[in-house]
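Undergrad:
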Amino acid sequence: MRLPLPTALLAVPLALLPAAVPGHASAGWQPAAARAAAPRTLPAPVRPAPPALPLDGSTQPPEYRYTGAGFDACSAPPAEALYVWRSASPYGAVNIYTSGSQRGCQQPRLTPQWVSTVRAMGWKLVPTHVGLQAPCAQRDDKPLRIDPARAEEQGGQEAGEAAQALQELGLGPGSPVYLDIESYPTGDAVCSAAVVDFTVGWTRTLWAAGYRSGFYSSMSSGIADIVAAARAGRAPMPDAIWYARWDGRPTTDGQAGLPDDLWAAHRIHQYRGSADETYGGVTLNIDRDQLDGLVAADA
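Under the working numbering, the letters of the sequence shown match residues 10 to 308, in that order.
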């Protein structure tokens, strides 16, 4: 990921970035005066536990939705870059990898202060969890796999971890977190069933913790299996889906394999893969997304 910050960025009003990176001067640009004044450490905010909800999802907190362009990046971008992009780019939403044992990048900037700062700029956030992968997955960089015999239990365990991470970042009840299940080979019934069982446990536990369930995967593998499970009446299913189909089309409907009557207005489409984009002189490496779906609760 390349991030050349232009000289013009030095004119960013400090009123918008007073706490952009307090105690994190090495994570991005900060004027010398601000660095000298910033405290070295900040106490972690104490947040109340989210309310428990019925396991059947019959009572849930309000939804928080966003319709428009978004992007995802491997590591949470510097707040200074997002300040520039908020006005110079077409994007209004950005994903954050909030938790999971198999996240692909380190997250040195992802703190409650960063979350508060970028939300004050107007960014909508898409929390994402990367943990155990499909039993038949073939990615060497994510070796930890779902155990088909314990899939639902494991899904619940990972949901508990994800909910705790959201709470620590200050993302309150009603926020979704999207389970990232990378592409896997099709045609293996045991593997497909394990992914569905895992997602059922994931969803049930998130509901009980006061959060919403999201599911990310490729259209040809994870999404296909979740669609089939929904059609068969399996429950509970995720509240929202985020599907990868790199067709270059910034739309969330009219997708082959994803009927329009399923997850309507609860969708994100990742339609273009990794590419460098530059706005306001700031370059980030991103995937492009179109949203008509759930984002983190407003502050």
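The beta carbon of each residue, even a glycine, is placed where N, CA and C say it ideally should be.
(1) Considering only residues of the stretch 212-274, which uninterrupted beta strand (DSSP E) runs meet the minimum length of 3 residues and lie entirely inside it, listed in chain order?
(2) Can the beta-carbon of HIS85 be found closer than 8 Å to that of ARG118?
(3) With a CB to CB cut of under 6 Å and the five nearest residues on each side skipped, what residues in its chain are close to GLY289?
(4) Give the DSSP-derived three-state secondary structure of ASP309 in the structure shown.
(5) Which value, in whole angstroms, describes the spacing of the CA atoms of GLN166 and GLY210?
(6) Rounded to whole angstroms, how far is the Cβ of ALA174 from the Cβ of SER108, which I believe are closer than 8 Å?
(7) Tell me ASP298's beta-bridge partners as DSSP assigns them.
(8) Check whether the Cβ atoms of TRP132 and VAL103 lie closer than 8 Å to each other.
(9) Per DSSP, what kind of secondary structure is ALA171 in: helix, strand or coil?
(10) List the endpoints of the continuous beta strand (DSSP E) containing TYR100.
(11) Smallest Cα separation from THR126: which of SER110, GLN142 and LEU91?
(12) With ALA303 and TYR73 assumed to form a contact (beta carbons below 8 Å), what rounded beta-carbon distance in angstroms separates them?
(13) Taking the alpha helix (DSSP H) that VAL127 falls in, what are its first and last residues?
(14) Spatial neighbours of ALA239 within its chain, please: C-beta separation below 7 Å, excluding the five flanking residues on both sides.
(15) My assumption, with CB atoms under 8 Å, is that GLN142 sits in contact with ARG154. Please give the rounded CB distance.
(16) When you compare only the Cα positions, how much space is there between ALA241 and VAL204?
(17) Out of curiosity, what's the CA-to-CA distance linking TYR187 and ILE235?
(18) Would you kindly check if the distance between the Cβ of LEU180 and the Cβ of ALA82 is under 8 Å?
TA: Looking at the coordinates:
(1) Runs found: 221-227 and 249-253.
(2) Checking the sequence, you will find Ala at residue 85 rather than His. Yes, Cβ-Cβ distance for ALA85 and ARG118 is below 8 Å.
(3) VAL93 and ALA97
(4) Because the chain here runs from 10 to 308, residue 309 falls outside it and cannot be looked at.
(5) 8 Å
(6) 4 Å
(7) GLY79 and GLN279
(8) yes
(9) helix
(10) Boundaries cannot be given for TYR100, as no beta strand (DSSP E) includes it and DSSP labels it neither H nor E.
(11) LEU91
(12) According to the sequence provided, residue 303 is Leu. The question's Ala does not apply to it. Their Cβ separation, rounded to whole angstroms, is 6 Å, which keeps LEU303 and TYR73 in contact under 8 Å.
(13) 121-129 is the extent of the alpha helix (DSSP H) around VAL127.
(14) MET246 and LEU271.
(15) 6 Å
(16) 15 Å
(17) 14 Å
(18) no
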